[in-house]
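Protein chains in written order, with my numbering: chain A, 1 to 249; chain B, 1 to 249. Quick notes on the structure that follows.
Protein chains: 2
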Amino acid sequence: MASESSPPFKQQRPIRGQRAFELICDTIRQRLSDGLLKPGDKLPAERELSRQLHVSRATIREAIRSLEIAGIVYQTKGVKGGAFIREGSPDQIAKTLQDYMSLGSISLEELTEARIFIQDIVVQLAVERATEEQFATLRRIVEKTRAVTSVQERYSCAADFYRTLALSTGNRVLGMFVESVTQILGRFVRTPGYPTLQEELLDSRERFLKLLEQRDAEGAKAEMRTHLNKIHAHVHKFAGSKAGKEDAS
Amino acid sequence: MASESSPPFKQQRPIRGQRAFELICDTIRQRLSDGLLKPGDKLPAERELSRQLHVSRATIREAIRSLEIAGIVYQTKGVKGGAFIREGSPDQIAKTLQDYMSLGSISLEELTEARIFIQDIVVQLAVERATEEQFATLRRIVEKTRAVTSVQERYSCAADFYRTLALSTGNRVLGMFVESVTQILGRFVRTPGYPTLQEELLDSRERFLKLLEQRDAEGAKAEMRTHLNKIHAHVHKFAGSKAGKEDAS
DNA sequence: TTGGCTCTAATGGCCTGACCTTTTAACAGA
DNA sequence: TCTGTTAAAAGGTCAGGCCATTAGAGCCAA
Numbered sequence: 001m002a003s004e005s006s007p008p009f010k011q012q013r014p015i016r017g018q019r020a021f022e023l024i025c026d027t028i029r030q031r032l033s034d035g036l037l038k039p040g041d042k043l044p045a046e047r048e049l050s051r052q053l054h055v056s057r058a059t060i061r062e063a064i065r066s067l068e069i070a071g072i073v074y075q076t077k078g079v080k081g082g083a084f085i086r087e088g089s090p091d092q093i094a095k096t097l098q099d100y101m102s103l104g105s106i107s108l109e110e111l112t113e114a115r116i117f118i119q120d121i122v123v124q125l126a127v128e129r130a131t132e133e134q135f136a137t138l139r140r141i142v143e144k145t146r147a148v149t150s151v152q153e154r155y156s157c158a159a160d161f162y163r164t165l166a167l168s169t170g171n172r173v174l175g176m177f178v179e180s181v182t183q184i185l186g187r188f189v190r191t192p193g194y195p196t197l198q199e200e201l202l203d204s205r206e207r208f209l210k211l212l213e214q215r216d217a218e219g220a221k222a223e224m225r226t227h228l229n230k231i232h233a234h235v236h237k238f239a240g241s242k243a244g245k246e247d248a249s
Numbered sequence: 001m002a003s004e005s006s007p008p009f010k011q012q013r014p015i016r017g018q019r020a021f022e023l024i025c026d027t028i029r030q031r032l033s034d035g036l037l038k039p040g041d042k043l044p045a046e047r048e049l050s051r052q053l054h055v056s057r058a059t060i061r062e063a064i065r066s067l068e069i070a071g072i073v074y075q076t077k078g079v080k081g082g083a084f085i086r087e088g089s090p091d092q093i094a095k096t097l098q099d100y101m102s103l104g105s106i107s108l109e110e111l112t113e114a115r116i117f118i119q120d121i122v123v124q125l126a127v128e129r130a131t132e133e134q135f136a137t138l139r140r141i142v143e144k145t146r147a148v149t150s151v152q153e154r155y156s157c158a159a160d161f162y163r164t165l166a167l168s169t170g171n172r173v174l175g176m177f178v179e180s181v182t183q184i185l186g187r188f189v190r191t192p193g194y195p196t197l198q199e200e201l202l203d204s205r206e207r208f209l210k211l212l213e214q215r216d217a218e219g220a221k222a223e224m225r226t227h228l229n230k231i232h233a234h235v236h237k238f239a240g241s242k243a244g245k246e247d248a249s
C-alpha cells in the first residue's frame, strides 16, 4: 500500500449496493494481481489505513476481516503485528467444501466419487512425472505408517502419503483438491467412535508403491481405486450410522 | 440462537487466539450442520443478535461478514432485510481459485491442465449417465450458439454448454469445478482485446454431440480434449502477451 | 557480561452510541 | 382504487474509547 495523499475513496455516489469495505477489498486484490503486493508483505495498521483511506476503523476492520476469511491475509496482535499477505493453501477450498456439505449443496457421496476419479488422474500423472526421490519419500511415509498406533497418527500418515503423491504431479490445483478431500474425510476419522480399518492398508500401500515404481499406470490406478472404494464404503457407513443415530435421538 | 443469560463470551483463554466473532460463526455453522438452519432461513437482525449474545453490534457484524464472505449467507437492506442462509454456489470456489492465482499459488497452466483431465471424467460420466433430455438441452445450446454474434454471448453459451454437460454427470463436486474454471477463463474472454476464436467451435460441438449421443466415450473425450487444447493455447497466448505488455509498460 | 525485570508504545479485539440510507408496509388523501 | 406520504426496521458507517497482547527498550541485579 503506497501512501496516497490524494483523496482515494470518496465514493459519494453509491448507485449500487457497493459497500465501502468492498471497495477497499477490491483495491487490495487489485494490488495483488498487479504484483504490488506479494505473500509476506504487511498491510498498514488499521488506524493507519483508516487515516489514509478516510474511512472509519470499523470499515477497515470489515475489509481486512473479509480478506482474512477469503484466505488472503492473516492477522497477528501486538506491536509488529498486523495483516500479512499469505500463501494460498488448500484449507480454504476444504472449508468451502465443508460448508457446502453442511448446506446440502454437495453430498459425501459426490465428494468421494469425485475423489476416486481425480485420484486416478493423480496416479496417472505421478507414474509419468514422479522422480525417484519422490518415490523414496513415499516409501519413507509407508515405513512410518508401519510404526504408528493411534488413529490420529495413521490419518496423519495417510494425509502425508496423498499429499506427496499429489505433489509429484506438479499440478497444485489437483494437489489442493486432494488435500481438501483428505481434510474433510479426516473430520470423520477424528470423530469419536470411528472404527479402525487397518488390516490391508499396508499391503495395499506396498502393492501400490511397487506398481508406481514400475511405472505401471493401469495397475497403480486399479490398486488405488480398490483401496479408496474400501475406505469410502467405510466412511459412508459410519456417516450414515451417525446420521441415523442423530435422527433417532 | 437460543438466548443465553449466563455470561456467554468471556473467553479468558490466553492460549487460544479464539476471537468472539469466530465463536459466533462456529455457533451458526454448527446449527447448519445440525440441520437447525437451512437455506432460505433468516438470521436475527444484527441488533437483536447483539442483545441475545451479549456482544456489540460491531462484533456481530464481523461474524456475519465472515459468513457472507464464506458464501454461507447473503445480506439485504431495509425492513424485511437481514442475513439469509444461501445455497452453495460455484462462485465461492471460483473466487478462491482466482485469489490463489493472484497470490501465485496456482498458475493458469495448472488450472487448464486440471480442467482437461477433469473434463475427461465429466465426458466419461456424461456418456454413461446423461439422459436423452439432457442431450436435447445440449443440442439446443449449440443451436443457440449458432445465432450469437458478440463475444459475451458466445462465452455465455459455452458456459451453459459446460454447465449442462457437468450437470448430467450427477456429481455436483465436478460440476462446481467445471463451473469455476469456466468463470475464471471467462475473465480473460471479457478482457478488452481478447481475440475471437470462433471458426471451428461449432463443428467441434457438432462432432462432440454426435459422439456423445452414440455413447462413444473415447471419441467424445478425444474431441473434447482437442477442443480444449486449442482454447487453452489461445488463452495462454493472450495471458502471456498481456503479462508481457504489463512488464513493458 | 548476562539473565531477567519492568515499562512503554504499537496493534488488534471489542465496546458504546450515534447518524445515515435503503426498503417495505401502513396510512392518508384524492 | 390508486397514489403519494410517512414511519419503522434493517444494514452501512462513523467517532472515540478501553482492554489484551506483544516486542522492544532500558534497567537492575547476580
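Glycine is no exception: its CB is placed at the ideal position from the N, C-alpha and C atoms.
In whole angstroms, what separates the C-alpha of V148 (chain B) from that of L202 (chain B)?
For the purposes of this step, residue 148 (chain B) is taken as the residue at position 148 of the second sequence. For the purposes of this step, residue 202 (chain B) is taken as the residue at position 202 of the second sequence. Distance between the alpha carbons of V148 (chain B) and L202 (chain B) is about 11 Å.
What does the alpha-carbon distance come out to for the pair Q134 (chain B) and R51 (chain B)?
Counting from 1 along the second sequence, the entry for residue 134 (chain B) is found at position 134. Counting from 1 along the second sequence, the entry for residue 51 (chain B) is found at position 51. Distance between the alpha carbons of Q134 (chain B) and R51 (chain B) is about 51 Å.
Validate contact between the region 168–182 of chain A and the region 120–129 of chain A using beta carbons, cut 8 Å, 3 pairs
yes
Residues of chain A with a CB under 8 Å from the CB of T32 (chain B): which are they?
Working through the second sequence from its first residue, we reach residue 32 (chain B) at position 32. For the record, residue 32 (chain B) in the displayed sequence is Leu; it is not Thr. The answer, in chain order, is D99, S102, L103.
I'd like to know if the region 79–90 of chain A and the region 83–90 of chain B are in contact, where contact means that at least 3 CB-CB pairs between them fall below 8 Å.
Using a Cβ-Cβ distance cut-off of 8 Å, the region 79–90 of chain A and the region 83–90 of chain B are not in contact, since fewer than three pairs of beta carbons, one from each stretch, lie closer than that value.
Rounded to whole angstroms, what's the CA-CA distance from R31 (chain B) to C25 (chain B)? Just pull it up for me.
The sequence position of residue 31 (chain B) within the second sequence is 31, counting from 1. The sequence position of residue 25 (chain B) within the second sequence is 25, counting from 1. Cα to Cα, the separation comes out at about 10 Å.
Do V235 (chain A) and T112 (chain A) have their C-beta atoms within less than 9 Å of each other?
Counted from its first residue, the first sequence places residue 235 (chain A) at position 235. Counted from its first residue, the first sequence places residue 112 (chain A) at position 112. In contact: V235 (chain A) and T112 (chain A) (Cβ atoms closer than 9 Å).
So within the region 108–190 of chain A, which uninterrupted alpha helix (DSSP H) runs reach at least 4 residues, ignoring any that extend past its ends?
108–129, 132–147, 151–167, 172–190
Rounded to whole angstroms, what's the CA-CA distance from R215 (chain A) to E128 (chain A)? Just pull it up for me.
Sequence index remark: in the first sequence, residue 215 (chain A) carries index 215 (1-based). Sequence index remark: in the first sequence, residue 128 (chain A) carries index 128 (1-based). The straight-line gap separating the alpha-carbon atoms of R215 (chain A) and E128 (chain A) is approximately 7 Å.
Distance between A239 (chain A) and G81 (chain A) (C-alpha atoms, nearest Å)
Here the question's residue 81 (chain A) lines up with position 81 in the first sequence. Here the question's residue 239 (chain A) lines up with position 239 in the first sequence. One C-alpha to the other measures close to 42 Å.
Between the C-alpha atoms of E110 (chain A) and K242 (chain A), what's the straight-line distance to the nearest angstrom?
Position 110 of the first sequence, counted from the start, is the residue given in the question as residue 110 (chain A). Position 242 of the first sequence, counted from the start, is the residue given in the question as residue 242 (chain A). Near 18 Å, if we compare the C-alpha coordinates of K242 (chain A) and E110 (chain A).
If contact is defined by three or more beta carbon pairs under 8 Å, each pair taking one atom from either stretch, is the region 47–66 of chain A in contact with the region 98–105 of chain A?
no
Pair every Cβ in the region 64–81 of chain A with every Cβ in the region 66–79 of chain B, then say whether three or more of these pairs are closer than 8 Å.
yes
Contacting residues, own chain, Cβ-Cβ under 8 Å from T137 (chain B) (five flanking each side not counted):
Counted from its first residue, the second sequence places residue 137 (chain B) at position 137. In its chain, beyond the 5 residues on either side, T164 have a beta carbon closer than 8 Å to the beta carbon of T137 (chain B).
Tell me the DSSP bridge mates of T59 (chain B)?
Taking the first residue of the second sequence as position 1, residue 59 (chain B) is located at position 59. Answer by DSSP bridge pairing: none, since T59 (chain B) is not bridged.
Are the CB atoms of F177 (chain A) and I106 (chain A) within a distance shorter than 9 Å?
By one-based count along the first sequence, residue 106 (chain A) stands at place 106. By one-based count along the first sequence, residue 177 (chain A) stands at place 177. No, they are not a contact pair.
Please report whether the beta-carbon of F21 (chain A) lies at a distance below 9 Å from any beta-carbon of chain B.
Along the first sequence, one-based indexing puts residue 21 (chain A) at 21. So yes, F21 (chain A) belongs to the interface.
Which one of B:E218, B:K210, B:R29 has the shortest CA to CA distance from E132 (chain B)?
For this step, residue 132 (chain B) is matched to residue 132 along the second sequence. Ranking the options by Cα distance to E132 (chain B), first place goes to B:K210.
Cβ atoms of A159 (chain B) and N173 (chain A): under 9 Å apart, would you say?
Here residue 173 (chain A) is taken as the residue at index 173 of the first sequence, counted from 1. Here residue 159 (chain B) is taken as the residue at index 159 of the second sequence, counted from 1. Strictly speaking, residue 173 (chain A) in this sequence is Val, with Asn absent from that position. Not a contact, by the Cβ cut-off of 9 Å.
Are the beta-carbon atoms of F208 (chain B) and E218 (chain B) separated by less than 9 Å?
Taking the first residue of the second sequence as position 1, residue 208 (chain B) is located at position 208. Taking the first residue of the second sequence as position 1, residue 218 (chain B) is located at position 218. It is not a contact, given that the beta carbons lie outside the stated cut-off.
Among B:S33, B:L228, B:F84, which residue has its Cα nearest to the Cα of T182 (chain B)?
Walking along the second sequence from the start, residue 182 (chain B) turns up at place 182. Taking only the C-alpha atoms, the option nearest T182 (chain B) is B:L228.
Can you grab the Cα-Cα spacing for the pair Q11 (chain B) / T196 (chain A), in whole Å?
Translated into positions along the second sequence, residue 11 (chain B) becomes position 11. Translated into positions along the first sequence, residue 196 (chain A) becomes position 196. A caution first: Q11 (chain B) carries a pLDDT of 28, below 50, which makes its placement in the model unreliable, though a value can still be read off. When rounded, the distance between both Cα atoms is 36 Å.
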